[in-house]
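One structure is given below, encoded as C-alpha cells.
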Amino acid sequence: MTTERMAARTAHWLRNLWTTDRPAAPDVLHEMVALAALCAALTEEAEPLAAEVTRGATPLDFTKPELATALVSAVAVLRRGTTSTSSQALDYLQLMDEIVPRPPITSSDVLARAAIDGVADGDEECRLHLDCAQLRTGNENALRALLAEIESKTRFGTRRAIVSEPFPQLLEGAALHALSRYDLSLGMRALRAAAYLGRISPAGAEFIRRAERDDGSFGDLDAALKKIEMSSAPEHTPLRLLLPIAFQSLWTLAELDTAAPFGLVTVLFGAAVPC
Amino acid sequence: MPALIDPPDQRMLLDGTLTWLRANASFFDPPQEDELLDVAPEDIRPERSRKAFGELGLALRLAKRCESIAEHDDLRWLSRTWVETARRRRIFFDMRRRIHLVPLLTVACACLAAHGHPVEEAVASLQNVLHRHFIDRSESSAWNKVDLKYYLDLAGVRHEFPSDEMLARTSTLTRLPALPWATNYDWYGLTHLVFHLTDFGRRDLAPLLGGPVDSIREYAGIALAICLARQDWDLTAELLITRLCLGVRGEPLDREAVRALVENQHAEGFMPGREWMASAIPEGDASARFFDVYHPTLLVLFLICSDLALQ
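Protein sequence lines correspond, in order, to chains A and B. The working numbering puts the first sequence at residues 379 to 653. The working numbering puts the second sequence at residues 203 to 513.
Here you go:
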C-alpha cells in the first residue's frame, strides 16, 4: 500500500475520532491538528478534514504539547485556522522566534527555526563526522545524541549529507534493533535519521506498514492500551499514545518513500511565517 | 584477496583467544561415556559439555587447515589435549544406540581424522546407524540436514540426504525471515547453512541456489549491523564469517565489526557472551561464565581461520 493510501486510511480514522471522541479528548487537540496536517500533506483527500479539524480545534495552548506537535499544529492553524486561533498560533511562533537562537544549535532549535523562518529550496550539503563506535555502546542516550546531531546538521534531511560508511548502515541496524524491541519512537526517529543520510531501510518501512491497525491507526498496542485503561491517572488516555505514534509512523513512511520524496520541514513549514 | 583483519588485530585476537582456551581447557570436558548410567542410551542428549567439546574440535579442525597458525604452540597443545580427551572419555562408547549424539560424534570423527587419528571403527558404527534408515529420514529442517550431511560426507559415511541443491533451495536462504522479526535462531540457521553449503567459503553458493546471492549478502550485512547495536558478539562473529563465505571482504561494515570484536575482547582473552554483556552471570560462577563466553570465543578463532583460509 502506498504512503498516500495509508495517509488516507489514517485520515479516515482521525475523522471518526474527531466526530466521536473530540469532546472527551481536549488534551490531544494539537496532536489531532498536527496529524490532520500531515495527512493532508500526503493526500489531497485529507485536506477537507485538515481544514475542519484546524478550524474546530479550540481552545489551543501551544506551550503544552511536545515541540514538533506544537510547531506543526501552529503552522497548520496559521494556514487554515480561524482569526482567533491564528492569532494564538502567531503569538506562540513569535515567542519561539525570540527564544530560539539564530543560527539554531540543537535539533529542536532547527525545527523551530524551520517553522518560523521557512525552509528555502537549496542545494546545500553538510559533512558529518559521526563516530560509529557510539552505535555499539548499547547506550540509548548516545544514540539519541547522534540522532539529534544528524537532525540538526542535515536540517531534518533538507541538506545533502556527506558521511563516511558504514555509519548509515549501522544506524539502520540500530533503528531495526529498536523496532524489534518495540521502541517505536526511537526506532522510527533512527529510521528517519538514516534516511537523511541517504540510507533508506525497506525492512524498517515494512515494519511500520505492518504495524497499521485495521482502523487506520498504528501499533500493536493491545497491552499498552489495556494498561492505560487500567490506569487512574487522568492524563493517561489511549489517544495520547495513538496519535503521536500515527504521526510518527506516517512521517517516517513519507521520509522513507523513494517514490515520492518528502521532507516534513519542507512540506509542512515551507515559507516563513510573518513574525 | 586482502585480509579482513589487520595483522596486529589478528595477533591480538588470536593470542588472547588461544591463551583463554588453554587456560580453560579443563572445562571442555565431556562426560566419561563408558560409565554405566541408569538411563536408556536412546535418551542421552548432547547437553552443553558435549557440545562445547565438539565445537572446540571443530575450531581446531579449521585451525589445522591454516598453515600460518597451525604450528602455534597453544594450538598444538589444544589439539593434542582434545584428542587425548576424546580417547580418555571414550566418546564413541555405545554410539549405535546413543542416537541423539550422532551429529556430535560425526563431527568428532571429522575432527579426529583432521588430526590424523584413525576413526575407522567409529565411522563403521556411524555407517551402521545410517543404514538403519532413520537418521536421514526423520523430520528436521534443511539447516539440521545440511549440518549433518556436511560432516557425514567429510567422514565418508553414506546417507540418503537430499542433494545440496535441493536442501539449499528448500531452506530459508531462498526466503529469509524479515529482519525486524527474525530471531537469533533464524540467524544461526542462515549462518550454518552458508558455512556448510559453501564449505566455509570454498564453494560458490549461487549455483546451488540457482541465482545470485547478493540479497543474502545484503541481508547478512543488515543483520550484522543489528547485532552490533545489540552488542551480540556471538552473532557478530557468525555473520562476519558468513559474509566472508559469501565473498564479502573488507567492506567498511565488516571492518567496523572486527573493530568491535577487538575492542570488546576481554583482557583474559575471551569474547563476552550475551549473559556477560547483560551482567547476568553470578559473581564467582566460573562454570556459568565459561558456558556463556566459550562459543563467541571459539567463533573468533573460526573468524581468524576463515579470513586466513580465504585470502
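Quick reminder that beta carbons are idealized off the backbone N, C-alpha and C, glycines included.
Contacting residues, own chain, Cβ-Cβ under 6 Å from residue i (five flanking each side not counted)
| i | result |
| --- | --- |
| methionine 566/A | Gln626, Thr630 |
| proline 482/A | Val488, Arg491 |
| tryptophan 391/A | Asp593, Gly594, Ser595 |
| alanine 254/B | Phe230, Tyr496 |
| tyrosine 353/B | Thr308, Val309, Ala312 |
| leucine 500/B | Glu257, Ala261 |
| alanine 425/B | Trp389, Leu441 |
| arginine 300/B | Pro243, Ile246 |
Any non-hydrogen atom of the ligand HEM within 7 Å of residue i CB
| i | result |
| --- | --- |
| alanine 611/A | The model on display carries no ligand, and the ligand HEM is accordingly not part of it. |
Residue i vs residue j beta-carbon contact at 8 Å
| i | j | result |
| --- | --- | --- |
| tryptophan 478/B | aspartate 494/B | yes |
| histidine 497/B | glutamate 257/B | yes |
| leucine 438/A | leucine 407/A | yes |
| arginine 458/A | alanine 428/A | yes |
| histidine 317/B | serine 281/B | yes |
| methionine 473/B | valine 450/B | no |
| glycine 582/A | isoleucine 623/A | no |
| leucine 437/B | asparagine 386/B | yes |
| leucine 446/B | glycine 391/B | no |
| cysteine 510/A | glutamate 440/B | no |
| aspartate 349/B | histidine 394/B | yes |
| alanine 650/A | glycine 496/A | yes |
| valine 464/B | aspartate 211/B | yes |
| alanine 265/B | leucine 277/B | yes |
| threonine 436/A | alanine 389/A | no |
| glutamate 518/A | leucine 564/A | yes |
| leucine 562/A | valine 541/A | no |
| threonine 644/A | threonine 515/A | no |
| isoleucine 528/A | leucine 557/A | no |
| proline 403/A | leucine 599/A | Before going further, note that residue 403/A is alanine rather than proline in the sequence given. No, the Cβ-Cβ distance between alanine 403/A and leucine 599/A is not below 8 Å. |
| glutamate 503/A | arginine 538/A | yes |
Reduced DSSP secondary structure (H/G/I, E/B, other) of residue i
| i | result |
| --- | --- |
| phenylalanine 493/B | helix |
| alanine 539/A | strand |
| alanine 590/A | Checking the displayed sequence, the identity of residue 590/A turns out to be glutamate instead of alanine. Strand. |
| leucine 506/A | strand |
| phenylalanine 596/A | strand |
| valine 450/B | coil |
| lysine 266/B | helix |
| leucine 238/B | coil |
| lysine 353/A | Not covered by the structure: residue 353/A. The range shown for chain A is 379 to 653. |
| aspartate 436/B | helix |
| threonine 484/A | coil |
| histidine 390/A | helix |
| proline 479/A | coil |
| asparagine 517/A | coil |
| asparagine 330/B | helix |
| threonine 421/A | coil |
| glutamine 472/A | helix |
| threonine 380/A | coil |
| valine 453/A | helix |
| isoleucine 424/B | helix |
C-beta neighbour in chain E for residue i, strict 8 Å
| i | result |
| --- | --- |
| arginine 567/A | Chain labels in this structure do not include chain E; the protein chains are A and B. |
Contact belief for residue i with residue j at Cβ below 8 Å, rounded distance in angstroms
| i | j | result |
| --- | --- | --- |
| glutamate 409/A | leucine 628/A | About 13 Å; that fails the 8 Å criterion. |
| phenylalanine 647/A | valine 453/A | 6 Å |
| isoleucine 443/B | serine 373/B | Actually they do not touch by this definition, with Cβ atoms about 18 Å apart. |
| methionine 379/A | arginine 570/A | Contact doesn't hold; Cβ gap of about 20 Å is too wide. |
| arginine 298/B | valine 331/B | 6 Å |
| leucine 215/B | isoleucine 506/B | 6 Å |
| cysteine 311/B | alanine 261/B | So it is not a contact: roughly 16 Å between Cβ atoms. |
| tyrosine 574/A | phenylalanine 534/A | 7 Å |
| alanine 424/A | alanine 418/A | 4 Å |
| glutamate 235/B | isoleucine 293/B | 6 Å |
| phenylalanine 585/A | proline 364/B | Incorrect: roughly 34 Å between the Cβ atoms, too far for contact. |
| leucine 306/B | arginine 252/B | 6 Å |
Close-in-space but distant-in-sequence residues of the same chain around residue i (CB under 7 Å, 5 per side omitted)
| i | result |
| --- | --- |
| arginine 250/B | Phe493 |
| alanine 526/A | Thr484, Ser485 |
| glutamate 470/B | Trp222 |
| alanine 729/A | The structure shown does not extend to residue 729/A, since chain A is modelled only from 379 to 653, so the question has no answer here. |
| alanine 467/A | Phe440, Ala452, Val455, Leu456, Gly459 |
Cβ neighbours of residue i in the same chain (closer than 8 Å, five flanking residues each side left out)
| i | result |
| --- | --- |
| arginine 267/B | Ala316, Cys507, Ala511 |
| threonine 397/A | none |
| leucine 410/B | Asp366, Glu367, Ala370, Arg371, Leu399 |
request  = Check whether the stretch 590-601 of chain A touches the stretch 539-554 of chain A, counting contact only when three or more Cβ pairs, one atom from each stretch, lie closer than 8 Å.
outcome  = no
ask   = Quick one: any contact between the stretch 283-293 of chain B and the stretch 327-345 of chain B, if contact means 3 or more CB pairs under 8 Å?
value = no
query = Any contact of the stretch 529-549 of chain A with the stretch 419-434 of chain B, i.e. 3+ C-beta pairs under 8 Å?
reply = yes
key: Given 8 Å, three or more beta-carbon pairs between the stretch 233-243 of chain B and the stretch 480-487 of chain B   = no
key: Contact the stretch 359-378 of chain B vs the stretch 399-418 of chain B: 3+ CB pairs below 8 Å   = yes
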